Amino acid sequence: MLTLSPEEISGIGMTSQRTRNRMTSRLRESGIVDERVLYTMATVPRHLFVDEAMASRAYEDVSLPIGEGQTISQPYAVARMTELLLSDGGVNKVLEVGTGSGYQAAVLSRLVDTVFSVERVQSLLTRARRKFRALGYHNIHVRYTDGSWGWASHGPFDAIMVTAAPHTVPAPLLNQLAVGGKMIIPVGREDSQTLTVIRRTRQGFEESQHNDVRFVPFLAGKT
Ligand code: SAH
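Just so we're aligned, residue 66 is where the sequence shown starts under our numbering, counting upward by one.
Shown next as structure tokens:
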């Protein structure tokens, strides 16, 4: 089991509170307005979710490699998606597809009651799970699966956040969205995707388009 000293959690030098606050100031300048999101991102230790060799860059507004050809999302993308997810209130139970480093799930876990997160790469999932334990983030539940299928036994979800980009929205995910709930998902080809919000109403689904984004591709199957 991974154990962390208070120094490691709080960060030293390049990972200090001042460095984190600089990150949230930049997010604010980029248009993030939800204070809960900004506060949470100033407190969740992002440097623990990147490779040690990259820790000094953890609070820059860039995506970074996490192994297996995957990346931890850029802080702006995490902030924007979280802000969109929370914007109408009433979000208790969230499904995240694409656990990756675990950082997005960690941020969500401080803002909602329960986070269910699924990942198709076993080694990433194992690492993320250890971090959640070490940090005491006990309201995150993970599963090794192809996220195209969601996690039906825990649905319906108040919100679903997909952190890899499919060409089209997988139907099982739509089915696991509660009425009144919403999905935040980057949709498109590898070089051009649009952050899309899909709301489920009593009548059906309503879609709105937001930022242009660049996520790693949503892939089928498990590895
Ligand atoms: N939320 C992550 C972002 C990681 S990148 C973070 O904060 O670090 C996207 C992740 O989605 C990768 O780890 C990739 O393996 C995963 N992924 C891609 N397609 C998937 C699928 N069909 N099911 C589950 N996870 C998937």
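The C-beta atom is built at its ideal place from N, Cα and C for all residues, glycine as well.
Here the structure is a predicted model, which is why all the values come from computation and not from measurement.
Between the beta-carbon of Y124 and that of R87 there is about 7 Å, and that keeps the pair under the 8 Å contact cut. Distance from the CA atom of M119 to the CA atom of L129, rounded to whole angstroms, is 8 Å.
T228 places its beta carbon less than 8 Å from that of V162. Secondary structure within the segment 98-139: the beta strand (DSSP E) runs of 3 or more consecutive residues, fully enclosed, are 129-132, 135-137 (chain order). Between the segment 207-216 and the segment 176-191 there are three or more inter-stretch CB-CB distances shorter than 8 Å, so the stretches are counted as touching. If you draw a straight line from the Cα of G155 to the Cα of A217, it is about 20 Å long. In the three-state reduction of the DSSP assignment, P237 falls in the helix class, which pools H, G and I. Between L103 and I249, the C-beta spacing is not below 8 Å.
Distance check between V115 and each of E94, H275, L189, N240 places L189 closest, using alpha-carbon atoms only. Remark: the shortest separation between the CB of F283 and any heavy atom of the ligand SAH falls under 7 Å. Going by C-alpha positions, P231 is about 10 Å away from A285. Per DSSP, the unbroken beta strand (DSSP E) holding E272 starts and ends at 270-278.
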